[in-house]
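Structure record follows, encoded as structure tokens.
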DNA sequence: GATGAATGAGTGTTCATTCAT
DNA sequence: GATGAATGAACACTCATTCAT
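In structure tokens:
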């Protein structure tokens, strides 16, 4: 399996650094190869093309969120608490890796339609977990039972995303972690029973 | 004044169509010129360079939102109602011009840092109006007085943006206008006193 | 006759200024028109094309040299003295008009082969006068009778041209007029009987 | 070292041919690549940009002159003889490579200011060698001791350049090599003690 | 005669990808 | 597996010239 070979991860990590440092449009394959300490051609032994690198970066890095969220979902806890954990987890992961935050919030969004569609497919896994929490909350009577699930999802994800993007664009001028309880309150108000 | 000449608007409109149809990265100046029915060189009588076209597209089109919002802000009405009007207005404008919706929600976000910074400057005007509504709501006791203004703004804009983007990405499979009252309720719940 | 109309000279003079200030490759027709205070299209009522402007500039301005030299040639004076006058005249004319000097010594030489061929045709008139002096000098026994006429011409013109070009390239750091007697001595030594 | 790779020289030589055949302004990078038998992009593995090609052409080709002259300067011989060798060498090199002659005497002079400044820097090396000969001649009493060094240099270089340029412009209608002794005599007369 | 808006051909350079070694 | 030299398609922008007014 290619994904377990050391050079695979080496190239993924190099891509994150190069994109964060140079921006999406200045992240040439040759720069990534150099950063990874391999030859340009070697990249193509591990990835089909440049698009494949970018999508893989997203997949690999998103898995941290998704796994974090999965742990939360299976916990024994009220849905509202799971929602709070989710927000805290999201902000916490991005706070710790500012390179990653820049790459996912700003740079990868400059990619073309094809890549974005594939990125969205990855995101869907994350959103599905969120849906699970919301459904549970409705069933346990914690969240409004006439709540529009899709809209609630968009409320929560849109807000989290906007807060994070603002934080990145303003060069981390405020502390992201300290926002989570306030964000949770706002969102919970919106959807609670 | 160049902006009042017919060819200026002709080119702006052509750019929207070309970007919507081909995507940001495939919107060559020559395609825009052809769509506008002018020679390539004519573009440069009205715009400094390609970047200038893209920023102008955003400015010209955003002005519809901003003016619509401005009218709402100065109205004699409770802040909560203004908020509702704002959401309705936002969804209504984009519903009517699906080309524009695609361009602002998806394509222009692929632009490089410089262009995005200028686009953000235009967006700021919009967000400032939103802030005015929120401040008014806090003062009149309609919105929670301990509300974090920035967070409330991110809640509202993030949600609206996410709903709209989803609508565009899902090829307008749901009716955007019919979402506004539900979105309003969710958001109001979040911030009301 | 077009050449006597005021706008003709106006455009020629504008061209000299624009070329001297901006360099040959930055001397666009529109700049010349602006400097001349006429519309772009007006240029084409007086000149066939851009090439025609440049050649006309050279012709008009060279005529000062050629007329000055003609006066010298028909004088009653020994050929050696005529040679001295010629050098003095050449340096004096260019010293007085540094714009012209830059244009003829540096800028017009960047033109393409076609233009340069036509410029050379104008130069030929000048060189023919020089030949007349040289022939006279040989016949009157002042210059070596076995002198190669073409070579002598190249010696004299090449030296004058090199001195002038150096003077322009070094931003007139030395006084050109004060060189003439020394240059005359060097050249006379080369060709005298 | 890039300069020693075969493609480097291949491209330089191709540039000389293309410029000689098509003229400076019609020497596109793609033509040079085609003539060199490489892809357009390959040019940029060996040269920073087009300007770099042109300057390198001049540098590489001038080095033949400069090395030839250097050998002459260090010889055990009277300064007057060195001067003669220099002229003979100059004419001989250009006689042998008529492409090169056209390129250095006519085409490269059409380049813009930046390129010409860099070309002049290369020429300076050549003129410095000439100065060395002249100084030696003055010290050994062969050349006039009150001679103006700069003027003497301009006399010699201006004459050689004019003779060569005429020869190129007249399509090599006379034999350049056979001019050298006559040119030497004329110049020596000018500066001898 | 005079205008100036409109035209559109032409080109240096980048960079993802390949493939012989 | 690993390399990196070579490839070549693609595109924004300029500016001499025209021509309807």
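Chains as they are written, first to last, in the UniProt record's numbering: chain L, 1 to 193; chain F, 1 to 193; chain B, 1 to 193; chain U, 1 to 193. Glycine included, C-beta positions come from ideal geometry on N, C-alpha and C. For clarity, every value in this text was computed on a predicted model and none was experimentally measured.
Could you tell me which chain F residues have their CB closer than 7 Å to the CB of residue i, listed as they occur along the chain?
{"i": "residue 105/L", "result": "Under the 7 Å cutoff, chain F gives no residues; its nearest Cβ is about 11 Å from residue 105/L."}
{"i": "residue 166/L", "result": "154"}
{"i": "residue 139/L", "result": "Near residue 139/L there are no residues of chain F at all, since even the closest Cβ is about 19 Å away, more than 7 Å."}
Show which residues of chain F have a CB atom less than 8 Å away from the CB atom of residue i.
{"i": "residue 182/L", "result": "148, 151"}
{"i": "residue 158/L", "result": "158, 159, 160, 161, 162, 163"}
Using only the alpha-carbon positions, how far apart do residue i and residue j sit?
{"i": "residue 145/F", "j": "residue 77/F", "result": "19 Å"}
{"i": "residue 24/F", "j": "residue 67/F", "result": "26 Å"}
{"i": "residue 45/F", "j": "residue 32/F", "result": "14 Å"}
{"i": "residue 129/B", "j": "residue 29/B", "result": "34 Å"}
{"i": "residue 4/F", "j": "residue 58/F", "result": "17 Å"}
{"i": "residue 111/B", "j": "residue 110/U", "result": "6 Å"}
{"i": "residue 83/L", "j": "residue 157/F", "result": "20 Å"}
{"i": "residue 27/U", "j": "residue 126/U", "result": "27 Å"}
{"i": "residue 191/U", "j": "residue 147/U", "result": "7 Å"}
{"i": "residue 94/F", "j": "residue 179/L", "result": "31 Å"}
{"i": "residue 69/L", "j": "residue 8/F", "result": "50 Å"}
{"i": "residue 79/L", "j": "residue 149/F", "result": "27 Å"}
{"i": "residue 136/L", "j": "residue 104/L", "result": "29 Å"}
{"i": "residue 114/L", "j": "residue 19/B", "result": "51 Å"}
{"i": "residue 40/U", "j": "residue 34/U", "result": "8 Å"}
{"i": "residue 38/F", "j": "residue 16/F", "result": "15 Å"}
{"i": "residue 142/U", "j": "residue 189/U", "result": "11 Å"}
{"i": "residue 106/U", "j": "residue 175/U", "result": "18 Å"}
{"i": "residue 47/U", "j": "residue 166/F", "result": "48 Å"}
{"i": "residue 124/L", "j": "residue 132/L", "result": "12 Å"}
{"i": "residue 21/U", "j": "residue 21/L", "result": "46 Å"}
{"i": "residue 177/U", "j": "residue 81/U", "result": "16 Å"}
{"i": "residue 88/B", "j": "residue 49/F", "result": "52 Å"}
{"i": "residue 43/L", "j": "residue 108/F", "result": "30 Å"}
{"i": "residue 193/U", "j": "residue 139/B", "result": "27 Å"}
{"i": "residue 92/B", "j": "residue 90/U", "result": "32 Å"}
{"i": "residue 86/F", "j": "residue 6/L", "result": "52 Å"}
{"i": "residue 36/L", "j": "residue 134/L", "result": "41 Å"}
Kindly list, in the order they appear in chain L, the residues whose Cβ is closer than 8 Å to that of residue i.
{"i": "residue 191/F", "result": "186, 189"}
Run through chain B and tell me which residues come within less than 7 Å of residue i, C-beta to C-beta.
{"i": "residue 155/U", "result": "159, 186"}
{"i": "residue 86/U", "result": "Going along chain B, no residue has its Cβ under 7 Å from residue 86/U, so there is no contact; the nearest lies around 16 Å."}
Using the beta-carbon of each residue, which ones in chain U are nearer than 8 Å to residue i?
{"i": "residue 90/B", "result": "Ordered by position in chain U, no residue passes the 8 Å Cβ test against residue 90/B, which lies about 13 Å from the chain."}
{"i": "residue 120/B", "result": "169"}
{"i": "residue 109/B", "result": "109, 110"}
List the residues of chain U whose Cβ lies closer than 7 Å to the Cβ of residue i, in chain order.
{"i": "residue 25/B", "result": "112"}
{"i": "residue 28/B", "result": "Here the premise fails: no neighbours, minimum Cβ distance about 14 Å."}
Name the chain L residues whose beta carbon is nearer than 9 Å to that of residue i?
{"i": "residue 62/F", "result": "Those within 9 Å of residue 62/F in chain L number zero; the least Cβ separation is about 17 Å."}
{"i": "residue 35/F", "result": "Neighbours of residue 35/F on chain L: none; closest Cβ ~19 Å, over 9 Å."}
{"i": "residue 129/F", "result": "Simply none; closest approach about 17 Å."}
Going by DSSP, what residues sit across from residue i in a beta bridge?
{"i": "residue 143/B", "result": "192/B"}
Which residues in chain F have a C-beta closer than 9 Å to the C-beta of residue i? List them in chain order.
{"i": "residue 59/L", "result": "Chain F residues near residue 59/L: none, gap ~19 Å exceeds 9 Å."}
Exercise. Say whether the stretch 164–177 of chain U touches the stretch 57–70 of chain U, bearing in mind that this needs 3 or more beta-carbon pairs closer than 8 Å, one atom from each stretch.
Key: no
Exercise. Could you tell me whether the stretch 36–55 of chain U touches the stretch 11–22 of chain U, using the rule of 3 or more Cβ pairs below 8 Å?
Key: yes
Quiz item: Three or more C-beta pairs closer than 8 Å, one from the stretch 71–78 of chain U and one from the stretch 172–192 of chain B: is that the case here?
Solution: no
Exercise. Determine, using beta-carbon pairs with one atom in the stretch 92–101 of chain L and one in the stretch 114–121 of chain L, whether at least three such pairs fall under 8 Å.
Key: no
Quiz item: Contact between the stretch 147–167 of chain U and the stretch 146–164 of chain B: three or more CB pairs below 8 Å?
Solution: yes
Practice problem: Write down every uninterrupted run of the alpha helix (DSSP H) in the stretch 144–187 of chain L whose length is 4 residues or greater and which is fully enclosed by it, in chain order. | Solution: 149–169
Quiz item: Which runs of the beta strand (DSSP E) spanning at least 3 residues fall entirely within the UniProt domain "HTH tetR-type" (5–65) of chain L, listed in chain order?
Solution: none
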